[in-house]
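Asker: This is the structure I want to talk about, given as structure tokens.
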Amino acid sequence: MDVRAAVLTAPGKYEVQEFAYPELQDGALLMQIEMSGICGTDKHTYLGEVKQYAGTAAETDTPFPIIQGHENVGVVSEITPTAAESLEFYGRKLKVGDRITMCPDVVCGQCYECKHVMGYVWCENSDCYGNSYSSADPPHLMGGWAEQMYIRPDTFVYKVPSGLSPRVAVLAELMACTASLDKLKEFSSYAIEGFNSGDTVVVIGSGPLGLLHIVKADMMGAGRIIATDLSEHRLSFAKRCGANATLNASQSSAEERIHQVMEMTRGRGADVVLHMANTPASFIEGIEMLKRGGMMLEMGNFADTGDINMNIHRHICSKNIRLIGLTNHPSTGYGPAMDLLERYADRYPFDDFVSHEYALADVDEAMRMSMDTESLKVVINPNL
Ligand SMILES: [Zn+2]
Ligand SMILES: [Zn+2]
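Below, the structure written as structure tokens:
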């Protein structure tokens, strides 16, 4: 029995290929994919923006051919005894049929970064499902846009709570990314810096990552949440997620938006700006929106998207800003993320985040739709 997968053979070029059903090494399992999200990273790769972790020991170019898909939910379809006993992150036993999700990042556990940074993936030798393994290399099935995915023994695997459907559980990886806000809270022990209850939070870019950060900022006690986006559709969804003001970037200039944020904050500026857009163009706008001593989080530009001009005096020094760059989410974030998705199911529209589902054969259309601002989370469902 062969396994079908959508393979990106080169930027912009997909084809459905068949792979031999894999043999499991000791400690591994096979996951039958139910849903796999299209992330901003996948769009970067599709567009040929393949440089990741530039300027670090982990710098890589995404290889081709590749099976993409790193936001995955599915069920255990085959499992080795060792994996059944010990692969689940929280120590729970696994068996065929259990619904699981997984952290796409694989770390070595031995390098300087692994020994010093808890939870977050700064590994100098990191790999990533759907992102760094070529489908040309065995065991081939290392991305979620396939009927089956091979799960290595060094993968972080999490059992999905019974209350979460696949269309909500597929958000677990993105929700784990919002651990960023838990980290920003830690800065609030210093004077008035960081993220405090009652703060004004601006979220630039209201795609799925931005929307879940709006949800999390709301859960964590933000006083005012201002969302920006090019799409009115996404901005109205942002309101359902907890934003109480929205700024449409397709109908206003950066100067106008900065002015509006200043007006809403009595001329002081936002306490926190979360830059979730996958373009550098709106970065300076975010800094201009900050108060003196405010904090800016950059998560949108995971791949190398090029340069911008900035005035070091005005944008960094003069306002005493705190600028946090963040590439990943912590492997420790999945349990809390899924607990929050389950507990707050009635308060936030998690069920409506997945706006479009596509079969493997329609991956081209899925990618096109994911770049359309009328979509939210677009997923591949290999069972369609
Ligand atoms: Zn991602
Ligand atoms: Zn490492």
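Sequential numbering from 455 applies to the sequence shown in the working numbering.
Note that the Cβ used here is the ideal one computed from N, Cα and C, for glycine as well.
(1) I need the residues with a C-beta less than 7 Å from some heavy atom of ligand 2; please give them in chain order.
(2) Which residue marks the beginning of the alpha helix (DSSP H) containing Q714, and which one marks its end?
(3) Is the beta carbon of C771 within less than 7 Å of some heavy atom of ligand 1?
(4) Would you check whether ligand 1 has a heavy atom nearer than 7 Å to the C-beta of T516?
(5) Measure the C-alpha to C-alpha separation of G584 and I520 and round it to an integer number of angstroms.
(6) Examine the Cβ distances between the segment 629-640 and the segment 750-762 and report whether three or more of them are shorter than 8 Å.
(7) Can you tell me whether L595 is buried or exposed, with buried defined as 16 or more other CB within 10 angstroms of its CB?
(8) Could you have a look at A442 and say whether DSSP puts it in helix, strand or coil?
(9) Below 7 Å, is the gap between the Cβ of C839 and the nearest heavy atom of ligand 1?
(10) Is the beta carbon of E525 within less than 7 Å of some heavy atom of ligand 1?
(11) Along the chain, where does the alpha helix (DSSP H) that runs through G740 open and close?
(12) Report the residue from Y812, E739, I533 whose alpha carbon sits nearest the alpha carbon of S707.
(13) Less than 8 Å between the beta carbons of L484 and Q522, yes or no?
(14) Excluding the 5 residues preceding and the 5 following N782 in the sequence, name in chain order all residues of the same chain whose CB lies nearer than 7 Å to its CB.
(15) Once DSSP output is grouped into helix, strand and coil, what is the label at I679?
(16) DSSP state of G787, grouped into three classes?
(17) Looking at the structure shown, is I646 part of a helix, part of a strand, or coil, going by DSSP?
(18) CB V624 to CB V550, shorter than 8 Å?
(19) Which residue or residues does DSSP assign as beta-bridge partners of I487?
(20) Can you look up L418 in the DSSP assignment and give me helix, strand or coil?
(21) Assign A474 to one of two classes, buried (16 or more other C-beta atoms within 10 Å of its C-beta) or exposed (fewer than that).
Answerer: Judging by the given coordinates:
(1) Around ligand 2, the residues selected by a Cβ distance under 7 Å to any of its heavy atoms are V561, C562, G563, Q564, C565, E567, C568, C577, E578, N579, S580, following chain order.
(2) The sequence position of residue 714 within the sequence shown is 260, counting from 1. Residues 708-718.
(3) Counting from one through the sequence shown, the residue named residue 771 turns up at place 317. C771 has its CB no nearer than 7 Å to any heavy atom of ligand 1.
(4) What you label residue 516 is simply residue 62 of the sequence shown in a count that begins at 1. The answer is no for T516.
(5) The count along the sequence shown starts at 1 and reaches residue 584 at position 130. The count along the sequence shown starts at 1 and reaches residue 520 at position 66. Going by the C-alpha atoms only, they are around 7 Å apart.
(6) yes
(7) Here residue 595 refers to the residue found at position 141 when the sequence shown is read from its first residue. Counting C-beta atoms within 10 angstroms of its own C-beta, L595 has 16 or more neighbours from the protein chains shown and is therefore classed as buried.
(8) Residue 442 cannot be examined here, being either before or after the span of the chain that is shown, 455 to 838.
(9) Because residue 839 is not part of the residues shown, which for the chain are 455 to 838, the question remains open.
(10) As a working mapping, residue 525 is identified with position 71 in the sequence shown. Under cutoff, so the answer is yes.
(11) If you number the sequence shown from 1, residue 740 lands on position 286. Here the alpha helix (DSSP H) through G740 covers 737-743.
(12) Along the sequence shown, one-based indexing puts residue 707 at 253. Comparing Cα positions, the closest option is E739.
(13) In the sequence shown, counting from the first residue as 1, residue 484 sits at position 30. In the sequence shown, counting from the first residue as 1, residue 522 sits at position 68. Taking 8 Å as the Cβ cut-off, L484 and Q522 do not qualify as a contacting pair.
(14) Here residue 782 refers to the residue found at position 328 of the sequence shown. Once the five neighbours on either side are set aside, the close Cβ partners of N782 are D559, Y574, V575.
(15) Numbered from 1 along the sequence shown, position 225 holds the residue referred to as residue 679. Strand.
(16) Taking the first residue of the sequence shown as position 1, residue 787 is located at position 333. It is helical.
(17) Position 192 of the sequence shown holds residue 646. Reduced to three states, the DSSP call for I646 is coil.
(18) Residue numbering aside, residue 624 sits at position 170 when the sequence shown is read from its first letter. Residue numbering aside, residue 550 sits at position 96 when the sequence shown is read from its first letter. Going by C-beta atoms, V624 is not nearer than 8 Å to V550.
(19) For the purposes of this step, residue 487 is taken as residue 33 along the sequence shown, with counting starting at 1. Answer is G528, bridged to I487.
(20) As displayed, the chain neither begins before 455 nor continues past 838, which places residue 418 out of reach and without an answer.
(21) Within the sequence shown, numbered from 1, the residue matching residue 474 stands at position 20. By the 10 Å Cβ count, A474 comes out exposed.
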